[in-house]
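Structure record follows, encoded as structure tokens.
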Amino acid sequence: MSTAQHRANASKASRPRVGVAGVGQIPFRTRYPEHTFQELAFEVARAALRDAGITTDDVQGAVYGIYSDLLMRQQSSDSLVHDYLGLRGKPALRISAGASTGAFAARAAYAEIASGLSDVVLLLGVQKSGDLINPENQHRGEGTMMSESITHDVNWQHPVTPFPPAAWGLSLNAHMERYGTPTVEQLAKAALKNHRNARLNPYAQLKLDLTLEDILNSRIIAWPTTMYECCGFAECAAAMVLVSERVAGRMAKRPVWIAGVGTSVEAVLQDGDGENYGRVPAIRRSGEAAYTMAGVTKPREELDVAEVHDIFSGLEIMAYEELGLCAPGEGGRLVDEGVTERTGPLPVNPSGGRIACGHIAGVSEIFSLCEVTRQLREEAGERQVAIRRGRGLVSTVGGQSANIAAALVLERDA
Amino acid sequence: MTTRGGYLEAEDAIVNHYVYSHGGLSPFFRALKERGQLTGTRCAECDTVWCPPRTHCSRCYGETQWTDLSHEGTVRAATYCYYVPSNYKLHEYQEMPYVLALVQPDGASTCLYNIVHVPKVVVGAVPAGMRVRAVFRERREGRLTDFYYVPLES
Ligand SMILES: [Zn+2]
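Which chain is which? The protein sequence lines are A and B, in order. All residue numbers for the first sequence refer to the numbering used here, where the first residue is 2 and numbers rise by one. All residue numbers for the second sequence refer to the numbering used here, where the first residue is -8 and numbers rise by one.
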């Protein structure tokens, strides 16, 4: 056993285990006009509690992943949700971290339990986003994106790149400058994979029957990214019940353990030609931290499934490289070889990912944790992937230029 | 969950007006507006030249000093933007499509986001490594958009 492996195992043994006891999801939708954010939260909280076989009496506190107050039309919405869920008086914490919000909230919930402060924590992400309009033309997408755009640095990015795909597209172009990959075909193939996977997912927003040509020929948003290679923008909610090992045996289902958690907040892209040029260091660092904690040394062999943030398809391919599934520059080849197809050796985004299953910061990350939990429990229905080693990965990224990232390794007992 | 009798929609607008200060970075925006000059800050301890500027060095916590920067620079990466929602202010000063680039001003340790104007926006028109120079607008407001880049040869 290597020293690093030994150290990883030693730290693993001394750390209290935190398990996922319940998951609750609803589909991503353009809008849920028939429901308030409290009602969406209630729906997934009830589902997660039922899945765990517990009631609100058993919940000792809650951690909320809520990204945007502007999209919500409400500040401090966490306390309103907390009340609606019947958790008044119990501790509540709200986390916001771009499109990694839900995963950062998961880390906080993990720490809440690992520290011994609580044994049962409700982790919940909720976000309205379709209530905004552009009053000039009644266009809801434009209203939403106007609000969303101030995530960009308002002085140094927003005046020249207010629309997220452009700033993020620079990272992809830098990667293509450095490595010559991925090709436009590989970008489209990765998107096609996710669009196909979504067709098998009852929680997916888009179930389009697309061809590679459809994707390549759809409008260019920020070259080389086309419309069908960009994530959607939806409303949704997702919840999980996290428990300590002490009480895990009292839950309705066998827990899936959170074996590793890593987060990283990087600088907004500004290195002209440094080591991080064309790379996504936040994804790399968060992945390395999660792997070290979980004792994962060969992720390509040791993982059965991964959900990564394909905010655009190029980012999924760059994530393969940063997460050690292949060498830098080789991500496109992984797509060509079908490695990450749902039936391949390491399926990535069997849910359909952010491109097709749906996306809204705060919810997507908890949704992905729910997806990997269901995959490891082998209750993912038509989109079930083969579980051999009992380990899965969730990687998320968001922020001003793919600079806020998280990674979690989930594993089930043998 | 069902909503009895269908849902009711209502209109609302949350409008906020700001008068904000650029604080310690005011010299950068004043230089843009008043002198048509690009500036940065140099760390007295480690020599890092920040642009976007910082009053203190985030690498070594040293004090920084203001310095005029060259208006020439090098494109490190570019992307070709074909779509931006119609309600963005960007449309007031920029036609579609446009080239968004990460430009490292000569002498700076970091890069700025800005637009590169080329006669014809086609993919590949602004390759990494391309030398560019800043062009300042006649009417300047003390914003990043007071200038844009053009290829150095033009
Ligand atoms: Zn310094």
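Don't be surprised by glycine CBs; every beta carbon is placed ideally from N, CA and C.
### Query
Could you give the C-beta distance for residue 91 of chain A and residue 126 of chain A, rounded to a whole number, given that I count them as a contact under 8 Å?
For this step, residue 91 of chain A is matched to residue 90 along the first sequence. For this step, residue 126 of chain A is matched to residue 125 along the first sequence. With a Cβ gap of about 18 Å, residue 91 of chain A and residue 126 of chain A do not count as contacting.
### Query
Quick one, which of A:191, A:399, A:130 and A:255 has its alpha-carbon nearest residue 338 of chain A's?
Counted from its first residue, the first sequence places residue 338 of chain A at position 337. If you compare the alpha carbons of A:191, A:399, A:130 and A:255 with that of residue 338 of chain A, the shortest gap goes to A:191.
### Task
Quick one: list the residues of chain C neighbouring residue 158 of chain A, beta-carbon separation under 8 Å, in chain order.
Structure shown: chain C not included; protein chains present are A and B.
### Task
Any chance you could list the residues with Cβ under 6 Å from a heavy atom of ligand 1, keeping chain order?
Contact residues of ligand 1 (beta-carbon closer than 6 Å to any heavy atom; chain order) are B:34, B:36, B:37, B:39, B:48, B:50, B:51 and B:53.
#### Entry: Alpha-carbon to alpha-carbon, residue 105 of chain B and residue 167 of chain A
Position 166 of the first sequence holds residue 167 of chain A. Position 114 of the second sequence holds residue 105 of chain B. When the Cα atoms are used, residue 167 of chain A and residue 105 of chain B turn out to be separated by approximately 11 Å.
### Message
Can you look up residue 2 of chain A in the DSSP assignment and give me helix, strand or coil?
### Response
As a working note, residue 2 of chain A is residue 1 in the first sequence. With a pLDDT of only 44 at residue 2 of chain A, under 50, the local geometry of the prediction cannot be trusted, and the value read off the model is given with reservation. It is coil, neither helix nor strand.
### Message
Between residue 2 of chain A and chain B, is any beta-carbon pair separated by less than 9 Å?
### Response
Position 1 of the first sequence, counted from the first residue, corresponds to residue 2 of chain A. Bear in mind that the predicted position of residue 2 of chain A carries a pLDDT of just 44, short of 50, making it unreliable; the figure below should be weighed with that in mind. Chain B, which has no Cβ nearer than 9 Å to the Cβ of residue 2 of chain A, makes this no.
### Query
Of the residues A:272, A:108 and A:197, which one's Cα is nearest the Cα of residue 287 of chain A?
Along the first sequence, one-based indexing puts residue 287 of chain A at 286. Looking from the CA of residue 287 of chain A, the closest CA among A:272, A:108 and A:197 belongs to A:108.
### Query
Mind pulling the chain B residues with CB within less than 9 Å of residue 220 of chain A?
Along the first sequence, one-based indexing puts residue 220 of chain A at 219. Those are 73 and 74, listed as they occur along chain B.
### Query
What residues in the region 334 to 347 of chain A bring their beta carbon closer than 9 Å to a beta carbon of chain B?
Those residues of the region 334 to 347 of chain A placed with their C-beta closer than 9 Å to a C-beta in chain B do not exist.
### Query
For the beta strand (DSSP E) that residue 89 of chain B lies in, which residues bound it at each end?
Taking the first residue of the second sequence as 1, we reach residue 89 of chain B at position 98. Start and end: 89 to 96.
### Message
Which of the three DSSP states is assigned to residue 1 of chain A in this structure?
### Response
Residue numbering for chain A in the displayed model covers 2 to 415; residue 1 of chain A lies beyond these limits and cannot be assessed.
### Query
For a contact meaning CB atoms closer than 8 Å, what does residue 101 of chain B contact in chain A?
As a working mapping, residue 101 of chain B is identified with position 110 in the second sequence. Residues of chain A passing the Cβ test: 271, 272 and 273.
### Task
Mind reading off the beta-carbon distance from residue 161 of chain A to residue 411 of chain A? Whole number of angstroms is fine, and I expect it under 8 Å.
Here residue 161 of chain A refers to the residue found at position 160 of the first sequence. Here residue 411 of chain A refers to the residue found at position 410 of the first sequence. A Cβ-Cβ separation of about 40 Å leaves residue 161 of chain A out of contact with residue 411 of chain A under the 8 Å criterion.
### The beta strand (DSSP E) enclosing residue 124 of chain A, as first and last residue numbers
Here residue 124 of chain A refers to the residue found at position 123 of the first sequence. From DSSP, the beta strand (DSSP E) with residue 124 of chain A extends over 121 to 128.
### Query
Using DSSP with H/G/I as helix, E/B as strand and the rest coil, what is residue 139 of chain B?
Position 148 of the second sequence, counting from 1, holds the residue named residue 139 of chain B. It is a strand residue.
### Message
List, in chain order, every chain B residue whose beta-carbon is nearer than 7 Å to that of residue 167 of chain A.
### Response
For this step, residue 167 of chain A is matched to residue 166 along the first sequence. Per Cβ cutoff of 7 Å: 70, 72 and 91.
#### Entry: Reduced DSSP category for residue 138 of chain A - H, G, I as helix; E, B as strand; rest coil
Residue mapping note: residue 138 of chain A aligns to position 137 of the first sequence, counting from 1. In this structure, residue 138 of chain A counts as coil in the three-state DSSP scheme.
### Task
Using 10 angstroms around the beta-carbon of residue 140 of chain B, count the other beta-carbons present and answer buried if the total reaches 16, otherwise exposed.
Taking the second sequence and counting its residues from 1, the one referred to as residue 140 of chain B is at position 149. With 16 or more Cβ atoms within 10 Å of its Cβ, residue 140 of chain B is classed as buried.
### Query
With a CB to CB cut of under 7 Å and the five nearest residues on each side skipped, what residues in its chain are close to residue 30 of chain B?
In the second sequence, the residue the question calls residue 30 of chain B occupies position 39. Cβ within range, chain order: 18, 19, 22, 44, 57, 58, 59 and 60.
### Query
Can you check whether the CB of residue 354 of chain A is closer than 9 Å to the CB of residue 317 of chain A?
Residue mapping note: residue 317 of chain A aligns to position 316 of the first sequence, counting from 1. Residue mapping note: residue 354 of chain A aligns to position 353 of the first sequence, counting from 1. Inclusion of residue 317 of chain A and residue 354 of chain A in the CB contact set at 9 Å is warranted, their separation being smaller than that value.
### Query
Quick one: what does DSSP say residue 156 of chain A is sitting in, helix, strand or coil?
For the purposes of this step, residue 156 of chain A is taken as the residue at position 155 of the first sequence. In the structure shown, the three-state DSSP call for residue 156 of chain A is coil.
### Message
Looking at the secondary structure, which residues open and close the alpha helix (DSSP H) in which residue 170 of chain A lies?
### Response
Position 169 of the first sequence, counted from the first residue, corresponds to residue 170 of chain A. That run of the alpha helix (DSSP H) goes 165 to 180.
### Task
Pick helix, strand or coil for residue 42 of chain B, following the three-state DSSP scheme.
By one-based count along the second sequence, residue 42 of chain B stands at place 51. Three-state result, residue 42 of chain B: coil.
### Task
Go ahead and label residue 8 of chain B buried or exposed: buried means 16 or more other beta carbons lie within 10 angstroms of its beta carbon, across all protein chains shown.
In the second sequence, the residue the question calls residue 8 of chain B occupies position 17. Taking every protein chain shown into account, the CB of residue 8 of chain B has fewer than 16 other CB atoms within 10 angstroms, so this residue is exposed.
### Message
Could you give the first and the last residue of the continuous alpha helix (DSSP H) run that contains residue 146 of chain B?
### Response
Since the first residue of chain B shown is -8 and the last is 145, residue 146 of chain B is not available in this structure.
### Reference residue 121 of chain A, options A:146, A:105 and A:19, closest by Cα
Position 120 of the first sequence, counting from 1, holds the residue named residue 121 of chain A. For the residues A:146, A:105 and A:19, the minimum Cα distance to residue 121 of chain A belongs to A:19.
### Task
Give a yes or no on contact between the region 110 to 123 of chain B and the region 69 to 83 of chain B, applying the rule of three or more CB pairs nearer than 8 Å.
Output reads yes: the region 69 to 83 of chain B touches the region 110 to 123 of chain B.
### Sequence-distant residues of the same chain with beta carbon closer than 7 Å to residue 184 of chain A, five excluded per side
Start at 1 with the first residue of the first sequence, and residue 184 of chain A comes out as number 183. Excluding the 5 residues flanking it on each side, residue 184 of chain A has same chain C-beta neighbours closer than 7 Å at 333, in chain order.
#### Entry: Cα-Cα separation between residue 407 of chain A and residue 140 of chain A, rounded to whole angstroms
Within the first sequence, residue 407 of chain A is the residue found at index 406, counting from 1. Within the first sequence, residue 140 of chain A is the residue found at index 139, counting from 1. Residue 407 of chain A and residue 140 of chain A have their C-alpha atoms some 33 Å from each other.
### Message
Taking a contact to mean a Cβ-Cβ separation below 9 Å, would you say residue 64 of chain A touches residue 110 of chain A in this structure?
### Response
The residue you call residue 64 of chain A lines up with position 63 of the first sequence. The residue you call residue 110 of chain A lines up with position 109 of the first sequence. Yes; because the gap between Cβ atoms is below 9 Å, this pair is in contact.
### Task
Compute the Euclidean distance between the alpha carbons of residue 21 of chain A and residue 123 of chain A, then round it to the nearest angstrom.
Residue mapping note: residue 21 of chain A aligns to position 20 of the first sequence, counting from 1. Residue mapping note: residue 123 of chain A aligns to position 122 of the first sequence, counting from 1. Taking the straight line joining both Cα atoms gives about 10 Å.
### Query
For the putative contact between residue 234 of chain A and residue 134 of chain A, defined by C-beta atoms under 8 Å, what is the C-beta separation to the nearest angstrom?
Counted from its first residue, the first sequence places residue 234 of chain A at position 233. Counted from its first residue, the first sequence places residue 134 of chain A at position 133. Contact between residue 234 of chain A and residue 134 of chain A does not hold, since their C-beta atoms are separated by about 14 Å, which reaches or exceeds 8 Å.
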